[in-house]
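Residue numbers (our numbering): 173 to 1114. C-beta: ideal position from N, C-alpha, C; glycine also.
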Amino acid sequence: MSLILFHLALLLSSLRLVLVMAQGQTNLRSVDGQSRQWSITLSTDWDVLGPFPIHAREQQFLSPSYPINLSQPINFQDTWPSSYADNVIVRWSKTQLSEDGIITVAFPEVRWKSLRATEGWAALQHHAVLRGTMTLIPPDVIDPKATIPKVLVQLEQGSYFTILPMDGPERGALTPEWYAGNIYNMERALPRVVDLPTTPDPTNPTQYEIFISGDYEIRLFGDPHVMNTEIPTQVISLFVQVDSNQTVVQHESSQDVLCDFVDGLAFGETIGIGMRSPTWSTVTRVASQHPDVELILKQSTRIAPSQLRIVPLEISQHGVFHGSSLDIVITATHGSGQEVQIPISLPITQRSSAEASNHVAFKATYLYGSTMPTAFLAIPPVTRPQKSSPPILVLHGAGVDIITQSFWPEALPPNNLSWTVSPSGRTSWGLDWHGPSAQDAWNCVDALASILEQYSQWKDVAFKAGTPAVIIGHSNGGQGTWYVGLRHPDRVLGLVPAAGYIKSQGYVPLTMSRSAHFIDPLLRAILETSLTPDDNDLFLTNIVNKPVLVVHGGDDNNVPVWHGREHFSIVESWNRILGIAPDITMKEDKGQLHFYPTVLNNSQVQGFINGLLEAPRSRAEWLQPFTLTVFRPEESGSLHSWKIQEVKVPGRLARLTAIPSRVTHVIEVRTTNVRMFTISHLAGAFSTLRIDGDDVILNLAVQRQPLQLQRDDSSLKWKVCGRVAPRESFSLDCFKLLGTDPLNLTPSPPTRIQYFLSSNGPITFVQPSSNHDQAKNFNTLALRLAHDLHIYHRLDSEIIRDHELISGADVDWPKGNTVLMGTLSDPLIKHVLSQGKTPLAIQGNRLSLNGHTVRSGPHTGLVFLHPHPTSPDALIMFVIGESPKALEWAARLFPIRTGITVPSWVILGPGMDEIGAAGISAAGVWGHAWSWNNALSWSEFF
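This is the structure we're talking about:
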């Protein structure tokens, strides 16, 4: 993200915090001013311990309070080793909480300049522990029927926080529950609702301790040189107040998802209404108060206590609507059966299609995953085009909120030929345009194609869903341009990546890792396969036949210009290897920093885009040699209609090189780690495929048909299995080789936990029944993760109890991805794992891994993916913690952020708090059909 944008966002965040804190203070007294309600004060003096070396995302493995153990009394005179400090010793120091809620953390005594001279940006990343106190003051008049107050906490640009009672008998028995902070300073983030760890005294002030994990990351906070200093400084904001709403369902208007109305018609298919409830509630009905706009509740929406959900409403218009507001009434039912009606007035922005000449952006909406209202921007061509042209897909940088920040559309080059689509990527950071963010990008393109069908002035020149696009982006969006284009090359006409970095571990190396000093290199290698799908440099083969214009500021102080140059260099290298003419250009703007107004809005970029729109490439271009690179086939598309369908060893890279000869009519094909591939369109008259030295003869009947080719695992020979479609025409012999049923094809197991976020519906958290010993721990964990999913990805989630799934002898499983949390002794978990669908199973009363008994104990923790019992396209994620401590280890590995190295399955160990990933007991990638993958598995048990 641009450093200028970051500091502007920080200023706005601070101003917003002052306003929110002022609002919170007014809530401390009743309207008549006669009685004080529950209130909170925070200490101005804070203790700080640090800095400690850490690499980006390593705080997901280490204890957030590393190196201290919060179950023991803290000795503030103690010292700790740190390689960042002279004499290798750090001790507790002091900082202040300002009146506007800002905590500044810096370590000027550290010789940062010396460290970065050899280790670069990696040396600036560090971890610190912050400790302050919070005092809860009771009301003047005690209501014996009042519930225990909850606390609203907004932590911005800190990674984790926890609230604990002061040192005493209760303290040692409590396991800290760590809540993720809004470290990215996400837009429109609501504060967390936090249960106090112990009941406060109703008659006297009660003091608690707050601990914060402060982690400085270059990608988030930038190079301190931009602020003319050598010292990396954390600027953390903290806001705490009592939750005054503990009785009724309330509308959270800042979370609404609305579309513009253009010429009186909704520019989208959906509206989303943010609702939060202090008790179990279900939204059951919605009624529009305008006869020409009907709103249809997509599904009843159940809300857990303190949870926020976006209620999805479909729009059906019976006439044009030109109002400035749309009045609706939402009906919700409390757990007791009582109905509540909530009137809501939605502000509507009215636009005219005539505004297209002003290079304006219309706000549109669609349903992501069939139930999640999502907004995006669509910029019409400045003049009405004469014909339909492919769309332009633009990807914003990190921290850019396209809904409220107008500079992004203004930074894009105006176009007279086609529509420009700007998706949110779920949020301003999203998943770095990976996973759900990439899917959101393509969904927005296809959603706009559908929306344009209802407008007579655009219908005849609109593009069709699935049309290839020109992709451009800046910063994180520049990286996303590479990512999206490289994974779906047949949907790409050309790329304009500006200021894009190569990959996360190339942006800031992982060299200062703590766990690297303790970990088995084989375990580290298996964990880091989780990063392989995002390593853009490994997939640059897929774009060598496409036009690319790389743009970079020559003095970029956020994403160094060598990233753009290296992209260019690698593509040129592949051109030389394959012996084809290059089609890549580097535009380096000397003296320019990370963002400048003409980075994309200039004549060269505009001419490049227009050239692609006016003269799209023909399919004959693939007659040049090409190499297709994939990691997991389900996450990649085709190149020149060739697609790798299955790899030999999941977790390893797969490549297919095709070298066609129009002289011999032979296509030379070389494969690495490929088990099956398809060709949906074989251009040209070729009679033979020479695959890894084996000749596969194509008779006239199949030369121009979709083909599927399979390698026999025993003979290692390739053969044509049959046509790709229809399914009945497949050769059964091919499926016998695979051991699969042609009528029941299922996706291969994901190679990393992060894939779980790609759900086709709400993510469902299934908690153990209420009589469980750890019921409270699992309840708060579900709420914590549901909050994270919304803040970081705008992904919807539902929370249910396991007994609600039981229908007689059957289990009524949710259709989307499901998180099953509990202990190994919970009946539903035992029921699923006893079926042995993966090598992690329960045999008798013992946990086994590939048939070997796992030494489980009171602190066993597991996180792993499992096939969904009823939905082939969905997944189950097990989050198992035999103790509250093990549950906290597992919770931190839930895939909220990018760059967390968690493959298909991990078994956690007690050493993680101290030595991070080196404390993992076992980890690996599942093999075909959820089998044991010996090449990519590691265990300390056998």
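Mapping the DSSP letters down to three states, classify Leu-248 as helix, strand or coil. It is Phe, not Leu, that sits at residue 248 in the sequence shown. Note: Phe-248 maps to coil in three-state DSSP.
Could you say which of Glu-389, Leu-368 and Gly-386 lies nearest to Gln-379 if we only look at CA atoms? The alpha carbon of Gln-379 has as its nearest neighbour, out of Glu-389, Leu-368 and Gly-386, the alpha carbon of Leu-368.
Per DSSP, which one or two residues make a beta bridge with His-1024? Within the DSSP bridge table, the entry for His-1024 names Leu-1021 as partners.
Excluding the five sequence neighbours on either side, which residues of its own chain have a C-beta within less than 7 Å of the C-beta of Val-407, listed in chain order? Result list for Val-407: Leu-182, Ile-274, Thr-276 and Gln-329, in chain order.
Drop a sphere of 10 angstroms on the beta-carbon of Arg-598, count the other beta-carbons inside from all chains shown, and report buried for 16 or more, exposed for fewer. That one is buried.
Give the single residue among Pro-719, Ile-715 and His-766 whose Cα lies nearest to the Cα of Val-733. The closest CA to that of Val-733, considering only Pro-719, Ile-715 and His-766, is found on His-766.
Please report the residue range of the beta strand (DSSP E) in which His-506 lies. Segment 497-506, the beta strand (DSSP E) holding His-506.
Arg-1069, buried or exposed, once every other Cβ within 10 Å from all chains shown has been counted against 16: So Arg-1069 counts as buried.
On the three-pair Cβ rule with 8 Å, is the region 691-698 touching the region 749-761? Because the criterion of three Cβ pairs below 8 Å is not met, the region 691-698 and the region 749-761 do not touch.
Once you ignore the five residues that flank Ser-460 on each side, which residues in its own chain have a CB closer than 8 Å to its CB? If we look at Ser-460 and ignore the five residues flanking it on each side, its Cβ neighbours are Glu-466, Leu-467, Leu-498, Asp-499 and Ile-500.
If you drop the 5 nearest sequence neighbours on each side, which residues of the same chain put their C-beta closer than 8 Å to that of Val-1035? These residues qualify, in order along the chain: Ile-925, Met-1049, Phe-1050, Val-1051, Ile-1052, Ala-1062, Leu-1065, Phe-1066, Val-1074, Trp-1077, Val-1078 and Leu-1080.
Using a threshold of 8 Å, state whether the C-beta atoms of Pro-640 and Trp-591 are closer than that. At the C-beta level, Pro-640 and Trp-591 stay beyond 8 Å of one another.
Quick check on Gln-427: buried or exposed, where buried means 16 or more other Cβ atoms within 10 Å of its Cβ? Counting Cβ neighbours within 10 Å, Gln-427 comes out buried, since at least 16 surround it.
How many angstroms separate the CA atom of Ala-1045 from the CA atom of Gln-817? Per the sequence shown, residue 1045 should be read as Asp rather than Ala. As the crow flies, the alpha-carbon of Asp-1045 is around 16 Å from that of Gln-817.
Please report the straight-line C-alpha distance between Pro-236 and Tyr-332, rounded to a whole angstrom. Between Pro-236 and Tyr-332, the alpha-carbon positions lie close to 7 Å from each other.
Please specify which runs of the beta strand (DSSP E), each continuous and at least 3 residues long, are wholly inside the region 765-811, giving them in chain order. Taking only runs of at least 3 residues, the beta strand (DSSP E) segments lying wholly in the region 765-811 are 798-802.
How would you write the range of the beta strand (DSSP E) that Asp-866 sits in, first residue to last? Secondary structure note for Asp-866: its beta strand (DSSP E) is the uninterrupted segment 866-869.
Since I believe Thr-521 is in contact with Gln-513 (beta carbons under 8 Å), could you give me their beta-carbon distance rounded to a whole number of angstroms? Not a contact, Cβ separation roughly 26 Å.
Quick one: is Asp-960 buried, meaning 16 or more other Cβ sit within 10 Å of its Cβ, or exposed? Buried, because 16 or more other Cβ atoms sit within 10 Å of the Cβ of Asp-960.
Per DSSP, what are the beta-bridge partners of Tyr-627 in this structure? In the DSSP secondary-structure assignment, Tyr-627 is not bridged to any residue.
Per DSSP, what are the beta-bridge partners of Phe-937 in this structure? The partner list for Phe-937 (beta bridge, DSSP) reads Ile-971 and Val-991.
I'd like to confirm the pairing. Which residues does DSSP put opposite Gln-1015 in its beta bridges? Per DSSP, Arg-1018.
So what's Thr-442 in DSSP terms, helix, strand or just coil? Strand.
Look at Gln-297 and Val-680 and say whether their C-beta atoms are less than 8 Å apart. Yes, these two residues count as a Cβ contact at 8 Å.
What span of residues does the alpha helix (DSSP H) with Pro-1056 cover, start to end? In this chain, the alpha helix (DSSP H) harbouring Pro-1056 covers 1056-1064.
Anticipated Cβ contact below 8 Å, Trp-1104 with Asn-1022, distance rounded: Indeed, because the Cβ distance is near 5 Å, the residues count as touching under 8 Å.
Can you name the start and end residues of the alpha helix (DSSP H) that Gly-649 belongs to? Here the alpha helix (DSSP H) through Gly-649 covers 648-659.
Ser-741 - DSSP class collapsed to helix/strand/coil: Look at Ser-741 here: in three-state DSSP terms it is helix.
Distance check for Gly-725 and Pro-223, CA to CA, integer angstroms please. Whole-angstrom Cα-Cα distance: 33 Å.
Determine the closest residue to Arg-391 out of Leu-410, His-227 and Ile-382, with distance taken between C-alpha atoms. Checking every option, the nearest Cα to that of Arg-391 belongs to His-227.
What residue does the beta strand (DSSP E) around His-724 start on, and which one ends it? Counting along the chain, the unbroken beta strand (DSSP E) around His-724 starts and ends at 720-725.
With distance defined between alpha-carbon atoms, name the residue in Thr-456, Gln-471 and Asp-464 nearest to His-506. Among Thr-456, Gln-471 and Asp-464, the Cα nearest to that of His-506 is on Thr-456.
Thinking C-beta only, is Leu-567 closer than 8 Å to Ala-619? The answer is no: Cβ separation not under 8 Å.
May I ask you to list the residues that DSSP assigns as paired with Asn-354? Paired residues: Glu-328.
Length of the line joining the Cα atoms of Asp-885 and Val-821: Looking at the two C-alpha atoms, the distance is approximately 12 Å.
According to DSSP, is Lys-759 part of a helix, a strand, or is it coil? Strand at Lys-759.
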